[in-house]
Amino acid sequence: MPTNKEVCQALKATKVGLSLPDENGEQQPLYLSDCGSILTFIKLPDNADIKAKLKEKSAKITPNNIDRLMEINLSVDASVFTDPKKQNLPFKSDYIFLALNVAERKADQRVTSEWGQFHDTSIKTPMYKLAFMTNHERFRGSYITDILKNTVNSRSANIEADYFVEKDSRFPGLFLDESETNVRSLAKQAYPSYVNRYKKGSITHSTDKFVENAHEYEQVVRRNQEKYRQSAKLFIKECQIIQPKQLIVLGRKAQKVVRNMRADGLFDERPGVIGLVDNLIEAQHYSNQGRGTSTEDFMNYLQELLKKTE
0 MPTNKEVCQA LKATKVGLSL PDENGEQQPL YLSDCGSILT FIKLPDNADI KAKLKEKSAK
60 ITPNNIDRLM EINLSVDASV FTDPKKQNLP FKSDYIFLAL NVAERKADQR VTSEWGQFHD
120 TSIKTPMYKL AFMTNHERFR GSYITDILKN TVNSRSANIE ADYFVEKDSR FPGLFLDESE
180 TNVRSLAKQA YPSYVNRYKK GSITHSTDKF VENAHEYEQV VRRNQEKYRQ SAKLFIKECQ
240 IIQPKQLIVL GRKAQKVVRN MRADGLFDER PGVIGLVDNL IEAQHYSNQG RGTSTEDFMN
300 YLQELLKKTE
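Its first residue numbered 0, the sequence shown is counted upward by one per residue in numbering that gives the first Met the number 0.
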């Protein structure tokens, strides 16, 4: 079992293959530590205490009311990595929590604090739901990351289109076939949807240069193939660093992507990773909306997640 210090050092030493400009406009490489985090919070009362307090005040359970009536701070508590007294303790490696990809943020909302991913309260409701659905000692301190490291998008439907998730699920390996014939076919299939998404403004970045035709879109397909392969390699590396016993995957899209990677043979040389994927625990995603997905519903969902991991 790795120590907190060993995990921290390894995550900080592994480059993702991307860079972002710093405050001076200089490109800085990204590491795994910039893409993942740990499920620890500076101040997070028990769900039962939160419910009791809001019931006492006759207040509906919402993030704003919780902020108003409780002492709570969902910024990351990274003391396991920074406190010398904790650095040589075993890392909490029972689970890896796995989401789909990084959601798009406005430039002034980009997560810049160390280990700040999955702790961004600028968009409050999803962050609170994640905190409450994992608010138990069993999960506290677990590593959390995305399966697609190098794809920024807030619409999972775009991810499905860009990575041919449904088609690759039916025909494993089709998306990764780099032959000219296959790439041309995939680009021809995907291009009309891309044009429609661009016109609607639902492409990842509105400043992206428009791809003029299906032939040019072939390069987009090839870039996405490389992103997909690199993401699988990085996930393997994370599993080597964390040494988890179980994998908890958040949301159906992420579950399908990681299973597709398995079927595509990207984990074939890593039987430990194959075992994690074959026995993954399905969990709902904290951004889910609609009936049954209120803040209180996610508090209650914790009990279901505990049953799944017994």
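Beta carbons: idealized from backbone N, C-alpha and C, even for Gly.
These figures come from a predicted structure and were not determined experimentally.
Can you tell which of the options has its C-alpha closest to the C-alpha of residue i?
i      : options                        : result
Val248 : Ala282, Glu5, Asp119           : Ala282
Gly172 : Asp263, Val75, Gln8            : Asp263
Leu99  : Glu309, Val257, Ile273         : Val257
Lys320 : Ile49, Leu19, Ile71            : As displayed, the chain neither begins before 0 nor continues past 309, which places residue 320 out of reach and without an answer.
Phe138 : Glu237, Lys91, Asp82           : Lys91
Asn212 : Thr13, Ala189, Ser178          : Ala189
Leu265 : Asp48, Leu185, Asp176, Thr2    : Asp176
Lys307 : Asn299, Asn287, Gly291, Ile280 : Ile280
Val272 : Glu309, Glu165, Lys252, Leu233 : Leu233
Val194 : Asn223, Thr81, Asn157          : Asn157
His118 : Lys166, Glu22, Asp76, Gln26    : Asp76
Glu160 : Lys187, Ile143, Thr180, Thr144 : Residue 160 is actually Ala in this sequence, not Glu. It is Lys187 whose Cα lies nearest to the Cα of Ala160.
Pro89  : Arg290, Ile240, Asp277         : Ile240
Where do the ends of the alpha helix (DSSP H) carrying residue i lie?
i      : result
Asp66  : 62 to 68
Glu268 : Per DSSP, Glu268 belongs to no alpha helix (DSSP H) and is neither H nor E.
Ser32  : 31 to 34
Ile71  : Careful: Ile71 lies outside any alpha helix (DSSP H) and carries neither H nor E.
Thr81  : 78 to 81
Cys171 : The sequence shown places Pro at residue 171, not Cys. Pro171 -> no alpha helix (DSSP H), and no H or E assigned at all.
Since residue i is in the beta strand (DSSP E), which residue starts that stretch and which ends it?
i      : result
Tyr94  : 94 to 101
Ala282 : 280 to 282
Phe40  : 40 to 42
If you run the structure through DSSP and keep just helix, strand and coil, what is residue i?
i      : result
Ile143 : strand
Thr124 : helix
Leu19  : strand
Thr294 : helix
Ser205 : Below a pLDDT of 50, predicted positions are generally treated as unreliable, and Ser205, at 46, falls in that range; the measurement from the model is reported next regardless. Of the three classes helix, strand and coil, the one that applies to Ser205 here is coil, per DSSP.
Pro243 : coil
Gly89  : Gly is not the amino acid found at residue 89; the sequence shown has Pro there. Three-state result, Pro89: strand.
Thr2   : strand
Among residues of its own chain, excluding the 5 on either side of residue i, which ones have a beta-carbon nearer than 8 Å to its beta-carbon?
i      : result
Asn149 : Val15, Gly16, Leu17, Lys226, Gln229, Ser230
Leu301 : Asn46, Phe131, Met132, Thr133, Asn134, His135
Arg221 : Glu177, Val182
Once the 5 residues before and after residue i are set aside, which same chain residues still bring their CB inside 6 Å of it?
i      : result
Asp93  : Lys244
Gln347 : Residue 347 falls outside the range modelled here, since the chain spans only 0 to 309, and no answer is possible.
Residues in the same chain with beta-carbon distance under 7 Å from residue i, minus the five sequence neighbours each way, listed in chain order, please.
i      : result
Ser293 : none
Tyr285 : Pro125, Lys128, Leu129, Met132, Leu249, Phe297
Leu304 : Met132, Ala282
Gln108 : Note that Gln108 scores 45 on pLDDT, short of 50, meaning its location in the model is unreliable; the coordinates nonetheless yield the value given after this. Cβ within range, chain order: Ser121.
Ala253 : Leu97, Ala98, Leu99, Ile146
Thinking residue i and residue j are a contact (beta carbons under 8 Å), I'd like their distance in whole angstroms, please.
i      : j      : result
Leu97  : Ile65  : With a Cβ gap of about 26 Å, Leu97 and Ile65 do not count as contacting.
Met0   : Gln242 : 7 Å
Leu38  : Gly140 : 6 Å
Ser57  : Trp114 : Incorrect: roughly 37 Å between the Cβ atoms, too far for contact.
Lys217 : Ile95  : The amino acid occupying residue 217 in the given sequence is Glu; Lys does not appear at that position. That belief does not hold up - the Cβ atoms of Glu217 and Ile95 are roughly 34 Å apart, past 8 Å.
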